[in-house]
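Residue numbering for the sequence shown follows the working numbering, starting at 4 and increasing by one per position.
For glycine and all other residues, C-beta sits at the position ideal for the given N, C-alpha and C.
Take a look at the structure set out below.
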Amino acid sequence: ACVVLDFSTYDSSIQPLIRDVIIGCCGADGSMDYINMNKPLPSECRDSVTGNAYFHGCVDELTWYLEGKTGWLAGIVLASCMISVVNAVMSMVLIQAVKKEEEEATI
4 ACVVLDFSTY DSSIQPLIRD VIIGCCGADG SMDYINMNKP LPSECRDSVT
54 GNAYFHGCVD ELTWYLEGKT GWLAGIVLAS CMISVVNAVM SMVLIQAVKK
104 EEEEATI
């Protein structure tokens with residue numbers, strides 16, 4: 004549903020413009036992206052019922068959309084990190100126990 008119209012660097016005079024009908028956005032930062040480049044506002048940048056231009060850019064809209072979807076993913080990642088830390092601590096304890104047992108066996 005997204006179409007990237009231009010790949011450019013941050014310092015470039017032409018910013019990447021994204022058209023998206025589904026999430027209701029226009030340009031990267033809003034409809035002013037088109038106006039500042041002296042380009043006509045595409046129909047995808049307007050509400051199909053009212054004809055009003057979408058206020059928010061696709062970067063903001065996509066961020067807000069993904070923000071609601073990533074809570075569970077963050078929880079899984081955090082749990083995985085905690086398991087890794089516990090595994091590392093338990094490995095260190097096991098190594099120390101093995102070293103101690105080897106020292107006692109040689110005495």
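Going by beta-carbon coordinates alone, are residue i and residue j separated by less than 8 Å?
| i | j | result |
| --- | --- | --- |
| residue 28 | residue 70 | no |
| residue 54 | residue 30 | no |
| residue 68 | residue 26 | yes |
Taking all protein chains shown into account, decide if residue i is buried (16 or more other Cβ within 10 angstroms of its Cβ) or exposed.
| i | result |
| --- | --- |
| residue 34 | buried |
| residue 92 | exposed |
Rounded to whole angstroms, what's the CA-CA distance from residue i to residue j? Just pull it up for me.
| i | j | result |
| --- | --- | --- |
| residue 32 | residue 100 | 58 Å |
| residue 24 | residue 90 | Below a pLDDT of 50, predicted positions are generally treated as unreliable, and residue 24, at 46, falls in that range; the measurement from the model is reported next regardless. For residue 24 and residue 90, the distance between alpha carbons rounds to 47 Å. |
| residue 106 | residue 88 | 27 Å |
| residue 104 | residue 73 | 46 Å |
| residue 58 | residue 82 | 38 Å |
| residue 78 | residue 110 | 49 Å |
| residue 108 | residue 96 | 18 Å |
| residue 48 | residue 86 | 46 Å |
| residue 39 | residue 52 | 25 Å |
| residue 80 | residue 56 | 38 Å |
| residue 76 | residue 62 | 20 Å |
| residue 94 | residue 50 | 58 Å |
| residue 41 | residue 84 | 49 Å |
| residue 102 | residue 66 | 51 Å |
Return the chain-ordered list of same chain residues with a C-beta closer than 8 Å to the C-beta of residue i, the five sequence neighbours on each side being excluded.
| i | result |
| --- | --- |
| residue 44 | 29, 34, 37, 38, 56 |
I want to see whether chain B comes within less than 8 Å of residue i, judged by CB atoms only; does it?
| i | result |
| --- | --- |
| residue 65 | Among the chains in the structure shown there is no chain B, since it carries only a single protein chain. |
Below 6 Å CB to CB, which residues in the same chain sit around residue i once its five sequence neighbours on both sides are set aside?
| i | result |
| --- | --- |
| residue 46 | none |
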